[in-house]
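Engineer:
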Ligand SMILES: NC(=O)c1ccc[n+]([C@@H]2O[C@H](COP(=O)([O-])OP(=O)(O)OC[C@H]3O[C@@H](n4cnc5c(N)ncnc54)[C@H](O)[C@@H]3O)[C@@H](O)[C@H]2O)c1
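In our numbering, the protein residues as written are 954 to 1195.
1. Would you kindly check if the distance between the Cβ of residue 1163 and the Cβ of residue 970 is under 8 Å?
2. Is the beta carbon of residue 986 within less than 7 Å of some heavy atom of ligand 1?
3. Following a CB-centred definition, is residue 1216 positioned closer than 7 Å to any heavy atom of ligand 1?
4. Looking only at its own chain, which residues have a Cβ that is under 6 Å from the Cβ of residue 1017, when we skip the five neighbours before and after it?
5. State the start and end residues of the unbroken beta strand (DSSP E) segment that holds residue 1076.
6. Skipping 5 residues on each side, what residues in its chain have a beta carbon closer than 6 Å to that of residue 1189?
7. Using the rule of at least 16 other Cβ atoms within 10 Å of the residue's Cβ for burial, across every protein chain shown, is residue 1095 buried or exposed?
8. Select from 1171, 1063, 967, 1045 the residue whose C-alpha is nearest the C-alpha of residue 1006.
9. Please report the distance separating the alpha-carbon of residue 1193 from that of residue 1144.
10. Decide if residue 1186 is buried, meaning its Cβ has at least 16 other Cβ atoms within 10 Å, or exposed.
11. Report the option in 992, 1116, 1041 whose CA atom is closest to the CA atom of residue 1180.
12. List in chain order: all unbroken alpha helix (DSSP H) runs of 4+ residues lying wholly within the stretch 1065-1136.
13. Just curious, the alpha helix (DSSP H) that residue 1008 is in, first and last residue?
14. Could you check whether the Cβ of residue 1015 sits closer than 7 Å to any heavy atom belonging to ligand 3?
15. Just curious, the beta strand (DSSP E) that residue 961 is in, first and last residue?
16. Can you check whether the CB of residue 1080 is closer than 8 Å to the CB of residue 1059?
17. Could you say which of 959, 1167, 1121, 1035 lies nearest to residue 1053 if we only look at CA atoms?
18. Pull the bridge partners of residue 1038 from the DSSP assignment, please.
19. Is residue 1003 near ligand 1, judged by its Cβ being under 7 Å from some heavy atom?
20. Return the bridge partner residues of residue 1186 from the DSSP annotation.
21. Terminal residues of the continuous beta strand (DSSP E) containing residue 1193?
22. Let me know if residue 1184 comes out buried or exposed under the rule of 16 or more other beta-carbons within 10 Å of its beta-carbon.
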């Protein structure tokens, strides 16, 4: 049977790669994203504009997407933003913005989609967290906090919903070649030097491709991972092994 997949942040980077990867598996895929122009260009079968930090926006976008898909089997939360600075440098407004998208956005998306997975009789949720949910780096306090929360929210949801046949896991990517890191490099003031530092942080001498993260997401969402519950699958080119 054709699986029906909903992906937040599906218009760009890892989310967009996941759209394509699930379609290769024969799935029908809905992308939810706040960026209307990127969304228009993405490959998804269903496209719905949505701000994952806004309760009403998530509720209506999920209803529309599930109606157009004709049900729901898999949810991927890939919408997210990066942020620089220590807690002193990060303003309360910026801290709130990062937490509202990277943490509240996961909560709202799962809250709105789990009832539909129950109707299906089960399913899988894959949260896109980060290697910075497992370890920290200097100068990214809000981002590290948000991804640590995403990893433990994954575990909490996994325990709460395992009995309903809903498996919840997260993937923790290392530096991946997407518009998000390109913006991060540009804002550093030394784009080439920061890119080189990120390439050297792992052991494969390059950034990770979005398709390589999409492969891990597709695995966690598949029957092949049916004994995998509440795990954080680190795909970081060896970044956290040092
Ligand atoms: N690229 C990396 O190195 C890396 C590493 C670890 C984790 N991640 C995580 O992977 C996820 C995807 O990041 P990416 O690198 O593909 O970035 P990206 O910027 O290419 O894609 C993120 C998408 O999320 C969307 N988005 C942002 N705010 C939103 C909102 N409020 N509502 C709905 N959509 C919103 C953007 O429009 C964009 O399409 C993020 O959660 C990010 O933190 C990325």
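We put the CB at the ideal spot given by N, CA and C, even for glycine. Source: prediction; values computed, not measured.
Structural biologist: Well, looking at it:
1. Here residue 970 corresponds to residue number 17 of the chain shown, with the count starting at 1. Here residue 1163 corresponds to residue number 210 of the chain shown, with the count starting at 1. Yes, Cβ-Cβ distance for residue 970 and residue 1163 is below 8 Å.
2. Counting from one through the chain shown, the residue named residue 986 turns up at place 33. If you check the C-beta of residue 986 against ligand 1, you find a heavy atom less than 7 Å away.
3. This structure leaves residue 1216 out entirely; the chain is present only between 954 and 1195.
4. Numbered from 1 along the chain shown, position 64 holds the residue referred to as residue 1017. These residues qualify, in order along the chain: 1001.
5. Walking along the chain shown from the start, residue 1076 turns up at place 123. For residue 1076, the enclosing beta strand (DSSP E) begins and ends at 1076-1081.
6. The count along the chain shown starts at 1 and reaches residue 1189 at position 236. Cβ neighbours of residue 1189 beyond the five flanking positions: 1084, 1127.
7. Numbered from its first residue, the chain shown carries residue 1095 at position 142. The Cβ neighbour count for residue 1095, taken over all protein chains shown within 10 Å, is at least 16; the residue is labelled buried.
8. Within the chain shown, numbered from 1, the residue matching residue 1006 stands at position 53. With distances taken between CA atoms, residue 1006 lies nearest to 1063 out of 1171, 1063, 967, 1045.
9. Within the chain shown, the letter at position 240 stands for residue 1193. Within the chain shown, the letter at position 191 stands for residue 1144. Answer to the nearest angstrom: the Cα atoms are 23 Å apart.
10. Within the chain shown, the letter at position 233 stands for residue 1186. That one is buried.
11. Translated into positions along the chain shown, residue 1180 becomes position 227. Closest in C-alpha terms to residue 1180, from the list 992, 1116, 1041, comes 1116.
12. Unbroken alpha helix (DSSP H) runs of no fewer than 4 residues, entirely contained in the stretch 1065-1136, are found at 1094-1114, following chain order.
13. Your numbering for residue 1008 matches position 55 in the chain shown. In the DSSP annotation of this structure, the continuous segment of the alpha helix (DSSP H) that includes residue 1008 starts and ends at 1008-1022.
14. In terms of ligand content, the structure shown lacks ligand 3 and carries ligand 1 instead.
15. The residue you call residue 961 lines up with position 8 of the chain shown. According to the DSSP assignment, residue 961 belongs to the beta strand (DSSP E) that extends over 957-961.
16. Mapped onto the chain shown, residue 1059 falls at position 106. Mapped onto the chain shown, residue 1080 falls at position 127. In this structure, residue 1080 lies closer than 8 Å to residue 1059 by Cβ.
17. The sequence position of residue 1053 within the chain shown is 100, counting from 1. Comparing C-alpha distances from residue 1053 to each of 959, 1167, 1121, 1035 shows the shortest one belongs to 1035.
18. Position 85 of the chain shown, counted from the start, is the residue given in the question as residue 1038. Answer is 1093.
19. Here residue 1003 is taken as the residue at index 50 of the chain shown, counted from 1. Residue 1003: yes, Cβ under 7 Å from ligand 1.
20. Numbered from its first residue, the chain shown carries residue 1186 at position 233. DSSP, once it has assigned bridges, lists 1124 as partnering residue 1186.
21. For the purposes of this step, residue 1193 is taken as the residue at position 240 of the chain shown. Where residue 1193 is concerned, there is no enclosing beta strand (DSSP E), given that its DSSP letter is neither H nor E.
22. To locate residue 1184, count along the chain shown from 1; it is residue 231. Taking a 10 Å sphere around the C-beta of residue 1184, we find 16 or more other C-beta atoms and assign the residue as buried.
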